[in-house]
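Reviewing the structure listed below.
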Amino acid sequence: MSRKFALLIGVSEYGEGIPPLNAPLNDVEAMGRILSNSVLGGFEVTPLLNPDPLEMRDAISKLFKNRDKEDLILFYFSGHGITDDERELYLTTRLSKKDNFEVNSVPASFIQKQSNNCYARRQILILDACYSGAIKKGWRSKSVDINLKSQLGGEGRAVLTSSSATRVSFEQEDGELSLYTQYLVEGVETGAADKNQDRMIHIAELHDYAKSKVQAVKPNAKPDILTDREGYEIILVNAPRNPEADYRQYVEEYSQEGELSELALDILRHKREILGLSNEQAEKIEQEVTEPFRRRKANLNKYRQAFQREVNKRYPFDESTQNLLQEYRQDVLGLRDEDIESIETEILAPIKVRLEEEVQRQKQAELEKQRREEEQQRQKQVELEKQHQEEEIQKQRQAEAKRQAKLERQRREEEAQRQAELDRQRREEEAQRQAELDRQRREEEAQRQAELDRQRREEEIQKQRQAEAKRQAKLERQRREEEAQRQAELDRQRREEEAQRQAELDRQRREEEIQKQRQAEAKRQAKLERQRREEEAQRQAELDRQRREEEIQKQRQAEAKRQAKLERQRREEEAQKRFNSERQQTTSQSSTISRRGILKIAGLTVIGGGGAITLGQLVKPKPRLKNIPNATTELKLPNSKVEFETVTINAKGEEIKRTRHQAKYFTENLGNGITLDMIAIPGGTFMMGSPEGEKGATQRERPQREVTVKPFYMGKFTITQAQWKAVASLPKVKRDLDLDPSNFKGDERPVERVSWFDAIEFCQRLSRETGRDYTLPSEAQWEYACRAGTTTPFYFGETITGELANYNATYTYGDEPKGEYRQQTTPVGQFPPNAFGLYDMHGNVWEWCLDDWHENYEGAPNDGSAWLNENDNDSQYKKGRSVLRGGSVTFSPDLCRCAFRLINDSRDFRDLNNGFRVVCGFGRT
């Protein structure tokens, strides 16, 4: 059955740097009113007001999780939207701040991921926020079938945004609601969005209505819609059908740009009489329909007044004024350039005329000024010529004065030259006399100086000879000192070389000693290693002998059991024959007799409990099982079908195929609304164990062999904590059960920390309560059900990823990328199933099997039955060890393979990773 869920988030309060908003909380109330209306929407509405980031993420995650494919999911957000430098959209919370909004905001990519992982086929996202169109980035669609179109409309996703990726959204100054949300609500409540009048409002119809109304008020607004597949055909709500809605359709049809002509009004008056509307009702509807156009005209008038004010201040505008007008026009009033072109033309027309006249006057004044300047230039030229003539006369006078002065100067120079010549001759004669006297004086001085020089040279030579003697003595002394130093250096070098030779000899002796010690140690180690290998060989030989003896003993025990079984069958056949021969002599007593009674008649000792059987079962042949079990005929329960989709990946973890399947199942009612779904597993033959070459395989999984499994029913999920509590509350059979043993709490999470004995007690209580035989699966049943017809290591293919199962995905199996390590269990059914419709067979929790532990498959049964070491029906309570399958949340992917077998320390062992699922329908073997 289709369900509708809506999450409505409104954020009006913010951190530092982000202004508050008035409308978001009212937006949420209005949207909730129409969506929760049982006649219109019928949604289960969850409002969320002013959340922090954790609350918002948690609410979004819950909205998209655990939804059926028929469900309709609606996400609505009203508040600030902010984009980063990469144009990634963030939805703000009450903790968001302007400087670091990414920290406490929710990225649109988070919503995209939750939506992509949701199995609901119909999803609607409505974002009434700035830059909300940026959510288109990175959007992808998921492939689903379209078999519900006739009942539910189109399938897919639709994302409605109040603005584009580069535009702001509009909050009305005097309105309770944001502009986009106002017309979404109006389109539904009035039915005006139902254009085709089919009494249903499709998401595309509602968006078109709101977009047209918003752009009628603010043409610059850019509401947008993004759809995949047939998302535009999703039916959101039912349209109200009443005379008011019909009359609104007529008004919408006849109005042109918010105006109703006289002819249109006459027609509408006739329509209102037919529909039985009062004049007040009709006029109110007319006012509502034309209201966006009046608001647009009001915005145009606001722009006219603002533009006129700026023109009155200054024109032409500078760049700052132009930018302010553009921001006011686009972001505040939502007007386009073409909307205000006529206004600007009208206001500027007379100004431009005045400007042209002013330009003409300026040109005329410029010409007059130029003429006056030319006249002044001519007057200046005449004055210059006159001045030039006067200057020329003055120059001639000055030249004559200079010539006269030059002649006077030449005369004085000639007189001075004659006087100078006389003075020169007198000086020369005086100089000659003085020169002769000087020569005589120099000759006498030279003789005295020569004698003095000779004496000085002799004294210098004597000094040099004395200095040379001292130098020779010093050199001799230095030679003797250097000779002594050389001899000392030679002695030192000789001593050092001797010391080095001695040190080298000592080092060689030490190395030889160390080498001898190493050789001795090597011989000792070799001897010890030889002794260890001999002892190891002896131990291995002893172990091999013991294994051979144990194998021989097992074979003998198996042969003895086989012989005992053959003998028991022979005796039972004899008892059957005796019973048939005596049956005619026996009066009709009862239609039933126990197996124990038959064996008692034959004189045999009964071992174990076989339960009561009917006479018809004794004398009639056993019916051949069908390939697929039928709950209706075999368990007297209603049989249902379920559809599901499987995923196949390659070795790189890339999805290569999705396949649709069907499975039969019956539901066990556990009371208080808790149920247990049991999937029908068809019988068949498969290769059990791992083939040679499979990565991570061990000898415990071999030899691989062919096993034939009969049909049975198996739990769709591992037993949940809610199912465990329901059955554990039933009366005890053999042991007490803890009602809440799990470490990771949650009704839909798998129960864990249960022992093998706890699981058996659960099955016995459930069997007694329902009258049907429930037990743990055998290893063969578990692996057969897990593989579901596949032969690869995992039922997903060659590898596994953290998107497909809950395990430690920081380790890889194939070439897939590393994934998330969740470190806790997840609710059952969160990941895709296998081809039988079983969930979580890989990872999450280990699953107990019925079998006793065996090291390998040598001697294992090939009929799908549990491999038990004793035939005693109470053997499950012996203190042995059993098998766990499937891997868990804390283990690496190689331990989650279909073939992997895990040995436990004890059947009474409880671990936080141990859970189980049950089988039903054909008893234990």
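Throughout, the working numbering is defined as the position within the sequence shown, counted from one, plus 596.
All C-beta atoms, glycine included, are put in the ideal place defined by N, C-alpha and C.
In the DSSP assignment, HIS803 falls within the alpha helix (DSSP H) that extends over 799-813. Remark: fewer than three beta-carbon pairs, one from each stretch, lie closer than 8 angstroms, so the region 874-885 and the region 897-916 are not flagged as touching. Per the coordinates, the alpha-carbon of ALA626 lies some 30 angstroms from the alpha-carbon of ARG683. With contacts defined by Cβ atoms closer than 7 angstroms, LEU621 and TYR672 do not form a contacting pair.
Buried is the label assigned to LYS807, since at least 16 other Cβ atoms lie within 10 Å of its Cβ.
Ranked by how close their Cα comes to the Cα of ARG1331, the residues GLU1155, ALA619 and TRP1352 have TRP1352 in first place.
Setting aside the 5 residues that flank it on each side, ARG1298 is surrounded in the same chain by GLY1285, SER1286, ASN1452 and TYR1453, each with a C-beta closer than 7 angstroms to its C-beta; the list follows chain order. Nearest to ASN618 by alpha-carbon distance, out of LEU644, SER634 and HIS676, is HIS676. DSSP places MET652 in the helix class (H, G or I) of the three-state scheme. The three-state secondary structure of TRP1463, taken from DSSP, is coil. Secondary structure note for PHE706: its alpha helix (DSSP H) is the uninterrupted segment 704-712.
Taking C-beta atoms as the reference points, VAL781 and ILE630 count as a pair closer than 7 angstroms.
DSSP places ILE1315 outside both helix and strand once states are collapsed to three, so it counts as coil. SER1325 has its alpha-carbon roughly 30 angstroms from the corresponding atom of CYS1382. For the pair ILE669 and ALA716, the CB atoms are nearer than the 7 angstroms cut-off. CYS1516 has TYR1309 and TYR1370 as its beta-bridge partners, per DSSP. Judged by DSSP secondary structure, TYR686 falls within the beta strand (DSSP E) whose first and last residues are 685-687. For the pair of segments examined, the region 1438-1452 was found to touch the region 1401-1414: the number of CB pairs separated by less than 8 angstroms reaches three. Here the alpha carbons of ILE707 and ASP1336 stand approximately 34 angstroms from one another. Non-local C-beta neighbours of ASP623 in its own chain, meaning closer than 7 angstroms and more than five positions away in sequence, comprise GLY606, SER674, ASP724, LEU773, SER774 and THR777, ordered along the chain.
Straight through space, the alpha carbons of PRO1429 and PHE1240 are spaced by roughly 8 angstroms. Its chain contains GLY606, LEU621 and VAL624 as the residues whose beta carbon lies nearer than 7 angstroms to that of LEU645, once the 5 sequence neighbours on both sides are disregarded; these appear in chain order. DSSP places VAL847 in the helix class (H, G or I) of the three-state scheme. The beta carbons of THR1242 and ALA1431 sit closer together than 7 angstroms.
Beta bridge pairing from DSSP links ASN834 with MET796. The three-state secondary structure of HIS984, taken from DSSP, is helix. Under a 10 Å Cβ-count criterion, THR786 is classified as buried, with 16 or more other Cβ atoms of the shown protein chains found around its own Cβ. THR917 sits in a helix when the DSSP states are folded into three classes. Beta-bridge pairing by DSSP links ASP724 to SER674.
The distance from the Cβ of PRO1346 to that of GLY1482 is about 11 angstroms, inconsistent with a contact at the 8 angstroms cut-off. Counting along the chain, VAL755 sits inside no alpha helix (DSSP H); it lies in the beta strand (DSSP E) bounded by residues 752-757. Under the criterion of beta carbons closer than 8 angstroms, PHE1358 and LEU1333 qualify as touching, at roughly 7 angstroms.
For ILE605, the enclosing beta strand (DSSP E) has its first and last residue at 600-606. Within a 10 Å sphere around the beta-carbon of THR1271 sit fewer than 16 other beta-carbons, which makes this residue exposed. For CYS1494, the secondary structure class from DSSP, reduced to helix, strand or coil, is coil.
Take the alpha-carbon of ALA961 and the one of GLU969: they are about 12 angstroms apart.
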